[in-house]
Structures are given as structure tokens and as C-alpha cells.
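Everything below concerns the one structure shown next.
Numbering (my numbering), first residue to last: 1 to 144.
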């Protein structure tokens, strides 16, 4: 194997291992990891809202899965769906105050787990290096 392939394999396996460990914490606070991902993504958007097509691009789920999750979160009062005034076929999804209140304690606990896993394995300098390297590898079409 060459260096790039070995580096990719190592990065991929590290990511899978970390995701499995993070997955052990869910469901948490009544939220699944996928519901958390959708709510996390909405919480980072202006006014906690996004067009459904943008949300589909930003989360790590298939389009049908996102639509089902949005329906479930809407039924629970965690998000609202409204017609997009700029696109008759589109929808605007908004994280409600109730949704944000449910999401927030889960986010805090999730961040503590991430800090424990990453901070427990890497020094602050290594974390900075990892961040710089992974930023170089990111695909702009998947960024917010």
C-alpha cells in the first residue's frame, strides 16, 4: 500500500471506531443519533432554519431518511415545516424552542463524550494538527 491509502485507511477506521463509541450514548434524552444530527445541523443555521434540500446536503443521511426524521420531529413539536416562498416544491424546516430545549442537554453530554475520546487520546497540539489536516481534506459542497 502507498502512504495515502494507508493514511485513508487509518483515518476511516479511527472515524468508525469513534462513531461506534459515540453511538453507545444514544438514544440520549429521547433522541436518536440521527435526530440529534438533524437538530445539531439546524441549530447551527441562521434563525435555526434551513431549506429541506440544504438540510439533506448537510446531514450524513439519505434524503428519504431525512424526510422521515423531519416528519417524526415535527410530530413531536421539535421542528416546524413550512412552504418555501421561493420554491413551491420546497420546505423550510425550523428547530422550535421546544426542540432546542430537548437538543441542548443532549448536545452538552455529547460534547463531553467527544472531548473525552479525542482529548483522552491526543494532546492539544495534536488536536490542532488534526483539525488543520482534516480541514484540508473537507469537500466544500458538504460544508455549511
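All C-beta atoms in this analysis are idealised placements derived from N, C-alpha and C, irrespective of residue type, glycine included. Keep in mind the model is a prediction, meaning the values are calculated, not measured.
| Item | Value |
| --- | --- |
| Any idea what DSSP makes of residue 120, helix, strand or coil? | helix |
| Quick check on residue 135: buried or exposed, where buried means 16 or more other Cβ atoms within 10 Å of its Cβ? | exposed |
| Below 8 angstroms on the Cβ atoms is my guess for residue 90 versus residue 51; work out the distance and round it to an integer in Å. | 6 angstroms |
| At 3 residues or longer, what runs of the beta strand (DSSP E) sit wholly inside the stretch 69-123? | 79-84, 87-95 |
| Find out if the Cβ-Cβ distance for the pair residue 102, residue 23 is shorter than 8 angstroms. | no |
| Relative to the C-alpha of residue 79, which residue among 6, 40, 60 is closest? | 40 |
| Could you check whether the stretch 123-135 touches the stretch 61-73, counting it as contact only if at least three pairs of C-beta atoms, one from each stretch, sit closer than 8 angstroms? | no |
| Tell me, please, which residues DSSP counts as bridged to residue 50. | 93 |
| By alpha-carbon positions, which one of 84, 11, 21, 98 ends up nearest to residue 168? | Residue 168 is absent from the model: the chain starts at 1 and stops at 144. |
| Hey, residue 18 and residue 127: beta-carbon distance below 8 angstroms or not? | no |
| Is residue 185 helix, strand or coil when you go by DSSP? | The requested residue 185 is not part of the displayed model; the chain covers only 1 to 144. |
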